[in-house]
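Numbering (the working numbering), first residue to last: 975 to 1120.
A virtual CB, placed ideally from N, CA and C, is assigned to each residue, including glycine.
Remarks on the structure that follows.
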């Protein structure tokens, strides 16, 4: 009975959290989720529109700007096959949104399929009414689920 009650409380608290998100939070979460799919599909045209001209990308193997990231995606140097998203949080400060995802990323890197647990930091800036990705940074977790 205690387990059932605890499960019900956790489920209800999750529902309350989802209702607490603002429309702007929900918009950023949707953009981020769509981005993962566009990356998996190697849809560089759509990503080109999303990525700010001065955007930066931080990976385990280095950091670079927009054009190199698009080239890496297009060539398959990194193929973001699937991002399993476990947690998402958004903080909006003026025209800047900071989104944190805890994910397990299935990717092909250098011809090898790998799965890594990450906290991914995404920074979006709103310009002329449109959200642009300014930064995407991967922080590898030492163990999955932590």
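Original post:
Any Cβ of chain C within less than 8 Å of the Cβ of residue 1085?
Top reply: As a matter of chain content, chain C is missing from the structure shown, which is built from one protein chain.
Original post:
residue 1071: buried (16+ other C-beta within 10 angstroms of its C-beta) or exposed?
Top reply: Taking the first residue of the chain shown as 1, we reach residue 1071 at position 97. It counts as buried.
**OP:** Name, in chain order, the residues that DSSP records as bridge partners for residue 1030.
**Re:** Stepping through the chain shown from its first residue, residue 1030 is reached at position 56. Beta-bridge pairing links residue 1030 to 1039, 1109.
Original post:
With distances taken from CA atoms, which of 1036, 1048, 1104 is nearest residue 1016?
Top reply: Reading the chain shown from its first residue, position 42 is the one you call residue 1016. Nearest C-alpha to residue 1016: 1048.
Subject >> residue 1089 (DSSP reduced to helix, strand or coil) >> reply: Stepping through the chain shown from its first residue, residue 1089 is reached at position 115. Note: residue 1089 maps to strand in three-state DSSP.
Subject >> Of the listed residues 1110, 1033, 1116, 1022, nearest to residue 1097 (C-alpha basis) >> reply: On the chain shown, position 123 is the one that residue 1097 refers to. When each option's Cα is compared against that of residue 1097, the closest is 1110.
**OP:** Give every residue of the same chain whose Cβ lies closer than 7 Å to the Cβ of residue 1020, excluding the five residues on either side of it in the sequence, and list them in chain order.
**Re:** Here residue 1020 refers to the residue found at position 46 when the chain shown is read from its first residue. Around residue 1020: 1012.
Original post:
Excluding sequence positions up to five away, which residues of its chain have a Cβ less than 6 Å from the Cβ of residue 997?
Top reply: The residue labelled residue 997 in the question sits at position 23 within the chain shown. Result list for residue 997: empty, nothing under 6 Å.
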